[in-house]
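Student: Below is one structure. I have some questions about it.
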Amino acid sequence: MDPRVEQFMAKIIAKNPNEKEFHQAVQEVAESLIPFIEENPKYKHAKILERMAEPERTILFRVPWLDDKGEIQINKGYRIEMNSAIGPYKGGLRFHPTVNLSILKFLAFEQVLKNSLTTLPMGGGKGGSDFDPKGKSDNEVMRFCQSFMTELFRHIGHNTDVPAGDIGVGGREIGYLFGQYKRLKNEFTGVLTGKGIQFGGSLIRPEATGYGNVYFAQEMLKTRGESFKGKTVVVSGSGNVSQYAVEKVTQLGGKVVTLSDSAGFIHDPNGITAEKLAYVMDLKNVKRGRIKEYADKYGVEYYENKRPWGIKCDVALPCATQNEIELADAKTLVSNGCYCVSEGANMPSTPDAVEVFIEKKILYGPGKAANAGGVATSGLEMTQNSMRLPWSREEVDQRLHQIMINIHATCEKYGKESDGYINYVNGANVGGFVKVAEAMLAQGCV
Ligand code: NDP
Ligand code: 2IT
Numbered sequence: 014m015d016p017r018v019e020q021f022m023a024k025i026i027a028k029n030p031n032e033k034e035f036h037q038a039v040q041e042v043a044e045s046l047i048p049f050i051e052e053n054p055k056y057k058h059a060k061i062l063e064r065m066a067e068p069e070r071t072i073l074f075r076v077p078w079l080d081d082k083g084e085i086q087i088n089k090g091y092r093i094e095m096n097s098a099i100g101p102y103k104g105g106l107r108f109h110p111t112v113n114l115s116i117l118k119f120l121a122f123e124q125v126l127k128n129s130l131t132t133l134p135m136g137g138g139k140g141g142s143d144f145d146p147k148g149k150s151d152n153e154v155m156r157f158c159q160s161f162m163t164e165l166f167r168h169i170g171h172n173t174d175v176p177a178g179d180i181g182v183g184g185r186e187i188g189y190l191f192g193q194y195k196r197l198k199n200e201f202t203g204v205l206t207g208k209g210i211q212f213g214g215s216l217i218r219p220e221a222t223g224y225g226n227v228y229f230a231q232e233m234l235k236t237r238g239e240s241f242k243g244k245t246v247v248v249s250g251s252g253n254v255s256q257y258a259v260e261k262v263t264q265l266g267g268k269v270v271t272l273s274d275s276a277g278f279i280h281d282p283n284g285i286t287a288e289k290l291a292y293v294m295d296l297k298n299v300k301r302g303r304i305k306e307y308a309d310k311y312g313v314e315y316y317e318n319k320r321p322w323g324i325k326c327d328v329a330l331p332c333a334t335q336n337e338i339e340l341a342d343a344k345t346l347v348s349n350g351c352y353c354v355s356e357g358a359n360m361p362s363t364p365d366a367v368e369v370f371i372e373k374k375i376l377y378g379p380g381k382a383a384n385a386g387g388v389a390t391s392g393l394e395m396t397q398n399s400m401r402l403p404w405s406r407e408e409v410d411q412r413l414h415q416i417m418i419n420i421h422a423t424c425e426k427y428g429k430e431s432d433g434y435i436n437y438v439n440g441a442n443v444g445g446f447v448k449v450a451e452a453m454l455a456q457g458c459v
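Using this note's numbering, read the sequence shown as starting at 14 and increasing by one per residue.
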């Protein structure tokens, strides 16, 4: 490791002990940025990176709620307000039993650079709870969301901090959270994004992360004169991001052959058609069932407790969770001929997996660039809320597409190496950093 990165990380680790996901995210960024900062000493003297690695504010709270049996349950609630240099804090809420401070700080740290890449005026934040919506009734989810917002409402606002969804937080949860906020504040504002279309939501926001990821991959493929037409694509996850990634790949003429959840994956060699995808959406979003049921319905293989990276493909779209592609998976993907990995999830590849992709010079789009379409469209939802005027599907989709093309261009500008290889990791980190760093310099020691 570069001794300057090592020195920097030693301090981060000492200040934030036992936060391994946070260390992982900061180190990956530091490896790109420290050489760049050495060439631009104004950022070094102002300790921009050191400041960016410390949240502006961390809010921790108790979330008590009554389950259907009348028993009191207690969860942890969090909001990390990471950086507001270029706009109000913006980023999702994750409800999952694994949620802890380390995971939310890694996500908030990534969010700052991601939001900057979108070109929209949004700072970075992230929050959530160790609450598990799986197996809970709608009423339990509602009571939990109401209790969560009963504390969170005093810290957020449409000009202050604008949460949205992430793992375990979709349209249902955002609706309950919005209802409680409105009741407590007696005001109707765009304080959350991902809202229902009847109360200030934006068309295309549900589709945006998955579509955006595919638009980004499409730009990467174009640099090699390729497209999705006729390509075999492996997708992980089966939630919001995965579903719309499958939809867009299929529209572009590719064939998606896998989907997964935390219990295993299905392999459908004939491809997940629009009709089968409609089944998955009903299974996951309405019935809240398991992906195994797809295998039973369509008579395909189900692999319990396995991830899909052993299936031969041209393109892989990890869309489930962090660290789901490990070193051995990366080697398998590449040796099976996969030459494009575009991350719908946040930090799905471990650092040694990323190293394999870059060493082998495949097209590798890191999450903060490839999945920025979700938050970008949240930014478009905020714009529409401020104007009190909704845009059409076509208008939002066209803006989303253009934003993904622009993010790709930014990565190319800052990440192109002397042999022509685009290192999208360096490109996204430096490209995202510059705007935030300049804003922080201008705003002084804050
Ligand atoms: P959902 O809750 O809709 O879906 C998550 C999917 O990932 C489910 O299939 C879930 O399976 C699976 N999954 C979750 N945790 C694990 C785990 N620990 N191990 C294996 N599988 C897991 O979430 P989203 O689709 O919204 O989010 C997916 C990823 O995309 C996350 O990394 C998120 O941070 C990222 N992202 C989301 C954006 C958005 O707009 N929603 C924007 C940008 C990034 P199961 O049902 O079994 O839990
Ligand atoms: O990781 C992410 O970018 C999200 N979960 C979306 C955040 C948002 O504010 O739309």
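All residues carry an ideal CB built from backbone N, CA and C; glycine is no exception.
For my contact list, G357 and T222 are in at a C-beta cut-off of 8 Å; report their separation, rounded to the angstrom.
Tutor: Contact annotation, G357 with T222: C-beta distance approximately 6 Å; criterion of less than 8 Å satisfied.
Student: Which one or two residues does DSSP pair with T71 in a beta bridge?
Tutor: I93
Student: Just how far apart, CA to CA, sit G138 and L272?
Tutor: 29 Å
Student: Which value, in whole angstroms, describes the spacing of the CA atoms of G214 and E34?
Tutor: 32 Å
Student: Is it true that the region 155 to 165 meets the region 443 to 450, where meeting means three or more beta-carbon pairs spaced less than 8 Å apart?
Tutor: no
Student: Using only the alpha-carbon positions, how far apart do V347 and S97 sit?
Tutor: 39 Å
Student: Cβ of D179 within 6 Å of any heavy atom in ligand 2?
Tutor: yes
Student: Below 8 Å on the Cβ atoms is my guess for L393 versus R412; work out the distance and round it to an integer in Å.
Tutor: 6 Å
Student: For ligand 2, is there any heavy atom lying closer than 6 Å to the beta carbon of G387?
Tutor: Checking the Cβ of G387 against ligand 2 gives yes.
Student: Report whether the distance from the Cβ of S355 to the nearest heavy atom of ligand 3 is below 6 Å.
Tutor: As far as ligands go, the structure on display features ligand 1 and ligand 2 and does not contain ligand 3.
Student: State yes or no: is the C-beta of V76 within less than 7 Å of the C-beta of I47?
Tutor: No, the Cβ-Cβ distance between V76 and I47 is not below 7 Å.
Student: Taking Cβ to Cβ, would you say K261 is nearer than 7 Å to Y292?
Tutor: no
Student: Could you name the residues that DSSP lists as bridge partners for D274?
Tutor: G277
Student: Is T173 helix, strand or coil when you go by DSSP?
Tutor: coil
Student: What separation, rounded to the nearest whole angstrom, lies between the Cα atoms of R107 and A121?
Tutor: 11 Å
Student: So, using beta-carbon positions, are G178 and G105 closer together than 7 Å?
Tutor: With contacts defined as CB atoms closer than 7 Å, G178 and G105 qualify as a contacting pair.
Student: DSSP state of N298, grouped into three classes?
Tutor: helix
Student: Is the closest heavy atom of ligand 1 to the C-beta of V254 under 6 Å?
Tutor: yes
Student: Taking a contact to mean a Cβ-Cβ separation below 7 Å, would you say H168 touches I72 in this structure?
Tutor: yes
Student: Measuring alpha carbon to alpha carbon, tell me which of I285, A389 and A341 ends up nearest H414.
Tutor: The shortest C-alpha separation from H414 is found at A389.
Student: In chain order, what residues of the same chain lie with their CB nearer than 8 Å to the CB of F370, ignoring the 5 residues before and after it?
Tutor: A343, V347, V354, S362 and Y377
Student: Give a single yes or no on whether N349 has its beta carbon closer than 6 Å to a heavy atom of ligand 1.
Tutor: no
Student: Are there 16 or more other CB atoms within 10 angstroms of the CB of F191, so buried, or fewer, so exposed?
Tutor: buried
Student: Using only the heavy atoms of ligand 1, determine whether one of them is closer than 6 Å to the beta carbon of A341.
Tutor: no
Student: Which residue spans inside the region 82 to 157 form an unbroken alpha helix (DSSP H) run of at least 4?
Tutor: Taking only runs of at least 4 residues, the alpha helix (DSSP H) segments lying wholly in the region 82 to 157 are 114 to 130.
Student: Got a sec: does ligand 2 put a non-hydrogen atom nearer than 6 Å to the Cβ of K381?
Tutor: no
Student: Just checking my contact of N226 with G386 at CB under 8 Å: how many whole Å lie between their CB atoms?
Tutor: 7 Å
Student: What residue range does the alpha helix (DSSP H) around C326 cover?
Tutor: Where C326 is concerned, there is no enclosing alpha helix (DSSP H), given that its DSSP letter is neither H nor E.
Student: Taking DSSP as the reference, what is the three-state secondary structure of G184?
Tutor: helix
Student: Quick check on P77: does DSSP put it in helix, strand or coil?
Tutor: strand
Student: So, are the CB atoms of I99 and P134 less than 7 Å apart?
Tutor: yes
Student: Report the rounded CA-to-CA distance for F74 versus Q264, giving the unit in angstroms.
Tutor: 44 Å
Student: Since S391 is in the alpha helix (DSSP H), which residue starts that stretch and which ends it?
Tutor: G386 to M400
Student: My parser needs the beta strand (DSSP E) runs of 3 or more residues fully inside the region 218 to 286; what are they?
Tutor: 245 to 248, 268 to 274 and 277 to 280
Student: Around the Cβ of D174, are there at least 16 other Cβ atoms within 10 angstroms (buried) or fewer (exposed)?
Tutor: buried
Student: Quick one: grab the DSSP three-state call for Y316.
Tutor: Residue state, collapsed to three classes: strand.
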